[in-house]
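Colleague:
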Amino acid sequence: MADTLTITDNRTGKTYELPIQDGTIRADALRQIRTSEDDFGLMTYDPAFMNTASCRSAITLIDGDKGILRYRGYPIEQLAENSTYLEVAYLLLNGELPNQVQLDKWTDKVTNHTYVHEFLRDAMQGFRYDAHAMGKMVSMLGALSTFYPESKNVRDPAVRHEHIVKIIAKMPTIAAWAHRHSVGRPYVYPDNELSYTGNFLNMLFRMAEPRFKPNPVLSRALDILFILHADHEQNCSTNAARAVGSAETDPYSTLAAASAALYGPLHGGANEAVLRMLRQIGDVKNVPEFVKSVKDGKGRLMGFGHRVYKNYDPRAKVIKKLAHDVFEVTGKNPLLEIAIELENIALNEDYFVKRKLYPNVDFYSGLIYQAMGFPVEMFPVLFAIPRASGWLAQWQEMLVDPEQKIARPRQIYTGIELRDYVPMNARG
Ligand code: CMC
63 MADTLTITDN RTGKTYELPI QDGTIRADAL RQIRTSEDDF GLMTYDPAFM NTASCRSAIT
123 LIDGDKGILR YRGYPIEQLA ENSTYLEVAY LLLNGELPNQ VQLDKWTDKV TNHTYVHEFL
183 RDAMQGFRYD AHAMGKMVSM LGALSTFYPE SKNVRDPAVR HEHIVKIIAK MPTIAAWAHR
243 HSVGRPYVYP DNELSYTGNF LNMLFRMAEP RFKPNPVLSR ALDILFILHA DHEQNCSTNA
303 ARAVGSAETD PYSTLAAASA ALYGPLHGGA NEAVLRMLRQ IGDVKNVPEF VKSVKDGKGR
363 LMGFGHRVYK NYDPRAKVIK KLAHDVFEVT GKNPLLEIAI ELENIALNED YFVKRKLYPN
423 VDFYSGLIYQ AMGFPVEMFP VLFAIPRASG WLAQWQEMLV DPEQKIARPR QIYTGIELRD
483 YVPMNARG
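Below, the structure written as structure tokens:
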């Protein structure tokens, strides 16, 4: 059996044989299918990339039907159980788990770049008191590019590495300062004796105590949440990172663009939307009525459904379990009961079953974040911190891939072909 596809163009009667590799045909191979010499050639039309692979990637595997997520071949459940976020970031970026020496060196480097330039602190002061934390994050990432103009030498592996380290190190600092700015508290500088997430909690929540002692359960919970959010193959923000990075834009500006994509309520903003929805439902007794309104098309059940997962999101399973550990420390989030009831009802309703809508990563993560003391506007920021390692791994993979060029889709032009300019006095 040949790995080819035979196509007959009924416009011309000509037959073509296209190679099939990895279950795909190259869209480019269709260009030879023409009706005449000056015909551009056949294209594919795929709004929202529903059935188009835009790259070859060895980083993350998702099998949406089976509910599988793996980084570099390792199941997400095993990484969440045994690893740390920094180790996972190393794995995503380098392809292999580090040995002890490599991990110590990597951790040391990241820890030594957590400080940001003091001018950035001044820039933060330029925002209004009620500016959304994610807007600040996007802007601060863009601003960082102005401090490191040499980072635009994206073809130099040593330069790339230097700025990958800086970005992963500084994400928690910017995020924490965005929060402190919102609540009008003085900025807390990094404590490099603490772990990645322990230091993040320090910069967020330290008050007058001379040394902040992060709660180990909360610090580990955050580490697990960071592992779960670190990469998710070609999602909207990663696609943005690859597309913007393909113009050889510096990594800070590239990540600002990716963060902007993540800000959207259908992507990283969904966990914020889940909390607002749970608050709006208000009581377990209102759940059936709410589910009915969703079925009637009066809005979506936020935190449900996924473009790729047509099964329970494996990250949601880990998070649901994690919620219980966190609530032992923080006390139960009263919205949890509403969420559980919502899940129970939805999973048994025909509307959701038929469409294969299951809880996704955002359904329970917001409840944990809220119990840990984060305001809702910090939720997408908490997503962006670990996703930075995924964006950077994908950005780097794109840059070294000899098949990749500046991203530039085609279009089907639907406008008017040609007309003459009409002077103002002749317009109706
Ligand atoms: N509630 C109710 N109906 C839904 C939902 C939902 N959450 N999601 C999809 N549907 C329905 C949709 O109306 C459509 O029905 P019909 O066929 O009758 O028109 C059908 O399911 C297919 O939906 P779709 O919009 O074509 O699916 P999509 O793959 O384009 O959308 C999604 C994926 C995640 C944007 C969508 O499921 C959604 O809006 N979910 C709520 C927002 C959310 O939780 N987003 C977080 C995604 S996970 C985090 C991340 O990776 O960023």
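Positions 63 to 490 (our numbering) are the ones given, in order, by the sequence shown.
Using N, Cα and C, we set each Cβ at its ideal position, and we do this for glycine too.
#1: Less than 7 Å between the CB of residue 501 and some heavy atom of the ligand CMC, yes or no?
#2: Measuring alpha carbon to alpha carbon, tell me which of 154, 175, 186 and 145 ends up nearest residue 134.
#3: Confirm, please, whether the CB-CB distance from residue 268 to residue 274 is below 8 Å.
#4: Taking the alpha carbon of residue 198 as the point to measure from, which residue in 115, 237, 367 and 100 has its own alpha carbon closest?
#5: Is residue 367 near the ligand CMC, judged by its Cβ being under 7 Å from some heavy atom?
#6: Taking 8 Å as the cut-off, decide whether the C-beta atoms of residue 440 and residue 231 are in contact.
#7: Which residues bound the beta strand (DSSP E) around residue 79?
#8: When DSSP labels each residue in this structure, what does residue 131 get in the three-state scheme?
#9: Report the three-state DSSP secondary structure of residue 95 (helix, strand or coil).
#10: Are there three or more Cβ pairs, one per stretch, closer than 8 Å when the region 142-162 is compared with the region 279-295?
#11: What is the C-beta distance between residue 346 and residue 399, in whole angstroms, given that I count them as a contact (C-beta under 8 Å)?
#12: Closest to residue 312 by C-alpha separation, out of 84, 229 and 376, would be which residue?
#13: So does residue 417 have its beta carbon nearer than 7 Å to some heavy atom of the ligand CMC?
#14: Can you pull the DSSP bridge partners for residue 366?
#15: Can you give the Cα-Cα distance for residue 316 and residue 475, rounded to whole angstroms?
#16: Within the present structure, is the beta-carbon of residue 362 separated from the nearest heavy atom of the ligand CMC by less than 7 Å?
#17: For residue 222, which residues from the same chain have a beta carbon less than 8 Å from its beta carbon, with the 5 sequence-adjacent residues on both sides left out?
#18: With a cut-off of 8 Å, do at least 3 Cβ pairs link the region 296-308 to the region 163-179?
#19: Grab the span of the alpha helix (DSSP H) containing residue 69 for me, first residue to last.
#20: With residue 325 and residue 252 assumed to form a contact (beta carbons below 8 Å), what rounded beta-carbon distance in angstroms separates them?
#21: How long is the line joining the alpha carbons of residue 138 and residue 284, rounded to whole angstroms?
#22: Give me the Cβ distance between residue 420 and residue 371, rounded to the nearest whole Å; I'm assuming they're in contact under 8 Å.
#23: Answer yes or no: the CB of residue 123 versus the heavy atoms of the ligand CMC, is any distance below 7 Å?
#24: Threshold first: 3 residues or longer. Then list the beta strand (DSSP E) segments lying entirely within the region 260-326, N to C.
#25: Within the same chain, show all residues whose beta-carbon is closer than 8 Å to that of residue 277, passing over the 5 residues directly before and after it, in chain order.
#26: Compare the C-alpha of residue 384 against each of 63, 143, 104 and 132 and name the closest.
#27: How would you label residue 422, buried or exposed, when you count the other beta carbons within 10 angstroms and need 16 or more for buried?
#28: Which residues in the same chain as residue 140 place their Cβ atom closer than 7 Å to its Cβ, once the five residues preceding and following it in sequence are excluded?
#29: Following a CB-centred definition, is residue 243 positioned closer than 7 Å to any heavy atom of the ligand CMC?
#30: Does the ligand CMC have even one heavy atom less than 7 Å from the beta-carbon of residue 356?
#31: Restricting to Cα atoms, I'd like to know which of 367, 488, 307 and 376 is closest to residue 456.
#32: Taking all protein chains shown into account, do 16 or more other C-beta atoms lie within 10 angstroms of the C-beta of residue 358, making it buried, or fewer, making it exposed?
#33: Closest to residue 339 by CA distance: which of 490, 93, 394 and 361 is it?
#34: On the criterion of 16 or more Cβ atoms from any shown chain inside 10 Å, does residue 468 qualify as buried, or is it exposed?
#35: Look at the Cβ atom of residue 321, then the Cβ atom of residue 240, and state whether they are nearer than 8 Å.
#36: Enumerate in chain order the residues of its own chain whose CB-to-CB distance from residue 185 is below 6 Å, with the five nearest sequence positions on each side excluded.
Modeller: Once the coordinates are examined:
#1: An answer regarding residue 501 cannot be provided, because it is not within the stretch 63 to 490 covered by the chain.
#2: Position 72 of the sequence shown, counting from 1, holds the residue named residue 134. Among 154, 175, 186 and 145, the Cα nearest to that of residue 134 belongs to 154.
#3: Numbered from 1 along the sequence shown, position 212 holds the residue referred to as residue 274. Numbered from 1 along the sequence shown, position 206 holds the residue referred to as residue 268. Yes. Within cutoff.
#4: In the sequence shown, residue 198 corresponds to position 136, counting from 1. Among 115, 237, 367 and 100, the Cα nearest to that of residue 198 belongs to 237.
#5: Reading the sequence shown from its first residue, position 305 is the one you call residue 367. True, at least one ligand heavy atom lies under 7 Å from that Cβ.
#6: The count along the sequence shown starts at 1 and reaches residue 440 at position 378. The count along the sequence shown starts at 1 and reaches residue 231 at position 169. Contact flag unset, no.
#7: Along the sequence shown, one-based indexing puts residue 79 at 17. 76-81 is the span of the beta strand (DSSP E), which, as asked, contains residue 79.
#8: For the purposes of this step, residue 131 is taken as residue 69 along the sequence shown, with counting starting at 1. The answer is strand: DSSP assigns residue 131 an E or B state.
#9: For the purposes of this step, residue 95 is taken as the residue at position 33 of the sequence shown. If DSSP states are grouped into helix, strand and coil, residue 95 belongs with coil.
#10: yes
#11: Here residue 346 corresponds to residue number 284 of the sequence shown, with the count starting at 1. Here residue 399 corresponds to residue number 337 of the sequence shown, with the count starting at 1. Confirmed, Cβ separation roughly 5 Å.
#12: Residue 312 sits at position 250 when you count from the first residue of the sequence shown. If we check each option's Cα against that of residue 312, 229 comes out closest.
#13: As a first step, residue 417 must be located in the sequence shown, where it is residue number 355. Yes; taking the cut-off as 7 Å, the Cβ of residue 417 has a heavy atom of the ligand CMC nearer than that.
#14: The count along the sequence shown starts at 1 and reaches residue 366 at position 304. According to DSSP, which records beta bridges pairwise, residue 366 is partnered with 421.
#15: Sequence index remark: in the sequence shown, residue 316 carries index 254 (1-based). Sequence index remark: in the sequence shown, residue 475 carries index 413 (1-based). Approximately 29 Å, taken between the alpha carbons.
#16: Taking the first residue of the sequence shown as 1, we reach residue 362 at position 300. Flag set: Cβ of residue 362 near the ligand CMC.
#17: Within the sequence shown, numbered from 1, the residue matching residue 222 stands at position 160. These residues qualify, in order along the chain: 216, 313, 458 and 461.
#18: no
#19: On the sequence shown, position 7 is the one that residue 69 refers to. Careful: residue 69 lies outside any alpha helix (DSSP H), inside the beta strand (DSSP E) at 66-71.
#20: In the sequence shown, the residue the question calls residue 325 occupies position 263. In the sequence shown, the residue the question calls residue 252 occupies position 190. Between residue 252 and residue 325 the Cβ distance is about 25 Å, and since that is not below 8 Å, they are no contact.
#21: Taking the first residue of the sequence shown as position 1, residue 138 is located at position 76. Taking the first residue of the sequence shown as position 1, residue 284 is located at position 222. Distance between the alpha carbons of residue 138 and residue 284 is about 15 Å.
#22: On the sequence shown, residue 420 is found 358 positions in, with the first residue counted as 1. On the sequence shown, residue 371 is found 309 positions in, with the first residue counted as 1. Indeed, because the Cβ distance is near 7 Å, the residues count as touching under 8 Å.
#23: Sequence index remark: in the sequence shown, residue 123 carries index 61 (1-based). No, Cβ of residue 123 sits at least 7 Å from all heavy atoms of the ligand CMC.
#24: none
#25: Counted from its first residue, the sequence shown places residue 277 at position 215. Excluding positions up to five away in sequence, the list reads 263 and 391.
#26: In the sequence shown, residue 384 corresponds to position 322, counting from 1. Among 63, 143, 104 and 132, the Cα nearest to that of residue 384 is on 143.
#27: Counting from one through the sequence shown, the residue named residue 422 turns up at place 360. So residue 422 counts as buried.
#28: As a working mapping, residue 140 is identified with position 78 in the sequence shown. Cβ within range, chain order: n/a, list empty.
#29: Start at 1 with the first residue of the sequence shown, and residue 243 comes out as number 181. It does not: the Cβ of residue 243 is nowhere closer than 7 Å to a heavy atom of the ligand CMC.
#30: Within the sequence shown, numbered from 1, the residue matching residue 356 stands at position 294. Yes, since a heavy atom of the ligand CMC falls inside the 7 Å radius drawn around the Cβ of residue 356.
#31: Sequence index remark: in the sequence shown, residue 456 carries index 394 (1-based). Cα-wise, what sits closest to residue 456 is 307.
#32: In the sequence shown, counting from the first residue as 1, residue 358 sits at position 296. So residue 358 ends up on the exposed side.
#33: Within the sequence shown, numbered from 1, the residue matching residue 339 stands at position 277. Considering only alpha carbons, the answer is 361.
#34: Here residue 468 refers to the residue found at position 406 of the sequence shown. Residue 468 is exposed by the Cβ-count criterion.
#35: Position 259 of the sequence shown, counted from the start, is the residue given in the question as residue 321. Position 178 of the sequence shown, counted from the start, is the residue given in the question as residue 240. No. Outside cutoff.
#36: As a position in the sequence shown, residue 185 is number 123, starting the count at 1. Once the five neighbours on either side are set aside, the close Cβ partners of residue 185 are 205.
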